């Protein structure tokens, strides 16, 4: 239970993180964590039949949920007066979600529409999922969060109930409160509502570490909706706990390469003239320190000419080489870290987002305070020498490169995986 | 400083009536107009040590190509000034943790950004420098021209963007759509002179609005803005953005997208502008129809049928006009039944008007959620800038709660009857015709689909 009051403003944020995600699913049960999130989102038995979100909205709030590699989070923001009601709704579904056969059928259909919307019907919709598939070997690390259609179709109520019993115990959850509330009042409310929840055993998450790739991995995918070819690149990130300093240096490196108008990859005559869009980020979904397992630094660029990908990769390699050889000058480094820090601080200005970020780092690393410290750690703590080392590490590591080919007509055999 | 009054300071969120008028947002601490016509709106919200910056200059695209040129001007605006090149300019901003981005549509050019609070004077000075004298040289222009052309081309591919383009044509005809839509060809053809002309005409202080929200002292922020922007030339008489005309309902326009695995449905009907006294009642009716998770449409289409993941209704506002929008993305095989459900629910708004319970739920959602959504300084700054752009006062957010509380139940029923008639809607469906056509039988009358 994390209480992070901030008396400015009149809203509160609530996030409940469960230590379970799409990497935790066993073989043959892919997509279960996400489907269960949809079911759980409807609310507990006490909230039925109105449902969770209508009640939150009626109190002037909004809420959502998302499933990531290692965590599933339910979050809401609302006027401060809704604090007890939000806690009641959370404890209600933590005690017993309301799952019916009809509910299961409907949400499976809704997820089918979600996959069409987010992946199958839009240009480059398989990004970022295609990168872990190319870079990782373990099935858990390579899968996408939506799961296999055949698995999704096979889920029944007993399976969902077992999933709930195994992963949604109070001991496997972190509840975070932010915003305009009184600490004493909140503590009393939390005790009143959560204390009598029976403790229960939780199935431990598997250790999903896998060795670094021993060769560059390439994949070509046909994209029926793309108008231009594109290239995606994925590098393994350092371990967020044991290699924290290196991890932070990678954040700065990604910002130097691709964030902001004057980013290094936007300036070279080659890269700048080739890419119609370019983004570089840490974390599969662009959020750093979002998983405790193998994670990626990603680049995605759309280019118009056939040889564009080659030029972008050349520019990337040359820039990494230059950074590894000559330390970045103090001025640009300070500018990049100052901007990164302000951006990270900005996210904490929203109580709902703040609750999510505090709870996320608490769930993954037992370090809620990391979220608060991150802007200063990056601004004051990352040196040019560390960035050079990060660049050298990327330069010498084996990455995954995925080419997106527009149109249905993918060259024969191109969809298979190739080793360079 | 002329013609303005700095209002008494109001602490952000330190409302004495926090429990009573729930969700009542603060009045801005200052709302003044400088001698050159620039309006400055300042709101203290010391949540994090940052200040959010929004600068809007309205304009009216009068000829095809102008909107594209304005977008190009936006691209160039923060790429150096007469005094420093792009690198120097960006480095000066970044040193303060500041980010500024400019964008333009057919009605306004907006600079959006934030800075560390203690650097506000320096960053405002940099903004003023760029706005008054951007570096419009050929060497900066050439690559940006190419880049914009590519970006416009790229932006037309997502199915939702295809639908938006088609819907614009469907609502307002080819001529206006051509005037409001950027094209890659127009980007490629834009000259330095075009940009210089646009800059002289549109980027004056007259009728521009600067919004500052964050960790600031209102009096100081106003003084800073006055000092930095006081010498900004007013420019010619400010353009008044064109009010989009009323458009008729009618058959849906179909856009074939071979290979589409989902159909994009977008329906539209003319509604009341934000400034109209009837707007709050319309908004409540809209929330009952499809604008919240508990709404009739979401309950049926998503939670009952499972036909859509993302769907709902909303009001799209521009200066002088609003459009009621209904949106759903659904698999080919669900397209006809989904349209039938939408039509049924539209009809039901008159046949079975919003109940007292539905209206009260919508009202408490509308009042509270506005305050919740505006609780971050960034959202509040954008919210204020957008509201001022569509012509309501800076006290709109503050008064929104009481305004909604004052709406009688029968006014909502009246709005439901008046604005949700299926015959008043038109729209587009972007779909794989080959997959959808065989399913259309039996649903041919559904909104003309």
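Residue numbers (the working numbering), protein chains in the order written: chain Z, 1 to 420; chain E, 1 to 449.
Backbone N, C-alpha and C fix where the C-beta goes; we use that ideal spot for every residue, glycine too.
The structure displayed is predicted, hence computed values, not measured ones.
Minimum C-alpha distance to residue 49 (chain E) - residue among Z:345, Z:262 and Z:112: Per the Cα distances, Z:345.
Where does residue 185 (chain Z) land, buried or exposed, given buried means 16+ other C-beta within 10 angstroms? The residue is exposed, with fewer than 16 neighbouring Cβ atoms inside 10 Å.
Just curious, the alpha helix (DSSP H) that residue 450 (chain E) is in, first and last residue? The requested residue 450 (chain E) is not part of the displayed model; chain E covers only 1 to 449.
Could you work out which residue in E:321, E:267, E:341 and E:281 is closest to residue 297 (chain E) when comparing CA atoms only? The shortest Cα separation from residue 297 (chain E) among E:321, E:267, E:341 and E:281 belongs to E:341.
Contact set between residue 182 (chain Z) and chain E, taken where Cβ atoms lie within less than 7 Å: Chain E residues near residue 182 (chain Z): none, gap ~12 Å exceeds 7 Å.
Residues from the segment 364-375 of chain E in contact with chain Z, defined by Cβ distance under 7 Å: For the segment 364-375 of chain E, the set of positions with a beta-carbon nearer than 7 Å to some beta-carbon of chain Z reads 364, 365, 367, 368, 369, 371, 372 and 375 in chain order.
Sheet register partners of residue 222 (chain Z) (DSSP bridge): Residue 222 (chain Z) is bridged by DSSP to Z:405.
Determine whether the Cβ of residue 64 (chain E) lies closer than 8 Å to any Cβ atom of chain Z. So, not an interface residue.
Chain-ordered neighbours of residue 123 (chain Z) on chain E, where CB pairs are closer than 7 Å: Per Cβ cutoff of 7 Å: 157 and 158.
Residues near residue 31 (chain E) in its chain [Cβ-Cβ closer than 6 Å; skip 5 each side]: Shown here for residue 31 (chain E): same chain residues with a beta carbon closer than 6 Å to its own, the five before and five after excluded, namely 41 and 394 in chain order.
From E:123, E:391 and E:65, residue whose alpha carbon lies closest to that of residue 91 (chain E): Selected option, being the one with the closest Cα: E:123.
Between residue 59 (chain E) and residue 239 (chain E), which are expected to be in contact by the criterion C-beta below 8 Å, what is the C-beta distance as a whole number of angstroms? Distance from residue 59 (chain E) to residue 239 (chain E) at the Cβ level is roughly 4 Å; contact confirmed, criterion being Cβ atoms closer than 8 Å.
Report yes if the CB atom of residue 233 (chain Z) is closer than 8 Å to the CB atom of residue 298 (chain Z), and no otherwise. Less than 8 Å separates the beta-carbon of residue 233 (chain Z) from that of residue 298 (chain Z).
Chain Z within 8 Å of residue 293 (chain E), Cβ atoms only: Yes, residue 293 (chain E) lies at the interface with chain Z (some Cβ there is under 8 Å from its Cβ).
Can you look up residue 316 (chain E) in the DSSP assignment and give me helix, strand or coil? Strand, per DSSP.
Any C-beta of chain Z sitting closer than 8 Å to the C-beta of residue 21 (chain E)? Residue placement at residue 21 (chain E) cannot be trusted, given a pLDDT of 41 that sits under 50; what the coordinates show is reported in the next sentence. At a cut-off of 8 Å between beta carbons, residue 21 (chain E) makes no contact with chain Z.
So, are the CB atoms of residue 80 (chain Z) and residue 194 (chain Z) less than 8 Å apart? Their beta carbons are not under 8 Å apart, which means residue 80 (chain Z) does not touch residue 194 (chain Z) by this criterion.
Min CB distance residue 307 (chain Z) to chain E below 8 Å: Closer than 8 Å: no.
With 16 other CB atoms within 10 Å as the buried threshold, where does residue 361 (chain Z) fall? Using a 10 angstroms sphere on the CB of residue 361 (chain Z), the tally of other CB atoms reaches 16 or more, which defines it as buried.
Would you kindly check if the distance between the Cβ of residue 296 (chain Z) and the Cβ of residue 237 (chain Z) is under 8 Å? Against a cut-off of 8 Å, the Cβ pair of residue 296 (chain Z) and residue 237 (chain Z) comes out as a contact.
Can you tell me which of the three DSSP states residue 62 (chain Z) falls into? Residue 62 (chain Z): strand per DSSP, three-state reduction.
For residue 350 (chain Z) and chain E, any beta-carbon pair shorter than 8 Å? Taking 8 Å as the CB threshold, residue 350 (chain Z) lines the interface with chain E.
Candidates Z:9, Z:401 and Z:1, of which the one nearest residue 215 (chain Z) by Cα: Cα-wise, what sits closest to residue 215 (chain Z) is Z:401.
Helix or strand or just coil, what does DSSP make of residue 21 (chain E)? With a pLDDT of 41 at residue 21 (chain E), under the threshold of 50, the modelled position of that residue is not reliable, and no figure is offered here.
Relative to the alpha-carbon of residue 376 (chain E), which residue among E:27, E:28 and E:45 has its alpha-carbon at the smallest distance? Nearest C-alpha to residue 376 (chain E) among E:27, E:28 and E:45: E:45.
Going straight from the alpha carbon of residue 248 (chain E) to that of residue 266 (chain E), what length do you get? Computed Cα separation, rounded: 15 Å.
Does the beta-carbon distance from residue 34 (chain Z) to residue 146 (chain Z) come in below 8 Å? It is a contact, given that the beta carbons lie within the stated cut-off.
When the Cα atoms are used, what is the spatial distance from residue 148 (chain Z) to residue 32 (chain Z)? Linking residue 148 (chain Z) to residue 32 (chain Z) through their CA atoms gives a straight-line distance of about 10 Å.
Which residues, in chain order, does the segment 315-342 of chain E contribute to contact with chain Z at a C-beta distance below 7 Å? The residues in question are 329, 330 and 331.
Is residue 437 (chain E) helix, strand or coil by DSSP? Three-state result, residue 437 (chain E): helix.
Cα-Cα separation, residue 370 (chain Z) to residue 358 (chain Z): About 8 Å.
Quick one: give me the first and last residue of the beta strand (DSSP E) that residue 176 (chain Z) is part of. 173-179 is the span of the beta strand (DSSP E), which, as asked, contains residue 176 (chain Z).
Using a Cβ cut-off of 8 Å, pull out every chain E residue sitting near residue 229 (chain Z), in sequence order please. Residues of chain E passing the Cβ test: none, with the nearest at roughly 12 Å.
Chain E beta carbons: is any one of them nearer than 8 Å to that of residue 17 (chain Z)? Chain E, which has no Cβ nearer than 8 Å to the Cβ of residue 17 (chain Z), makes this no.
Closest by C-alpha distance to residue 27 (chain Z), when choosing among Z:10, Z:8 and Z:144: Among Z:10, Z:8 and Z:144, the Cα nearest to that of residue 27 (chain Z) is on Z:144.
Here's a check: name, in chain order, each residue in its chain whose Cβ is nearer than 6 Å to the Cβ of residue 269 (chain E), leaving out the five neighbours to either side. Here residue 269 (chain E) has 324, 424 and 425 as same chain residues with Cβ atoms under 6 Å from its own Cβ, once five neighbours each way along the sequence are excluded.
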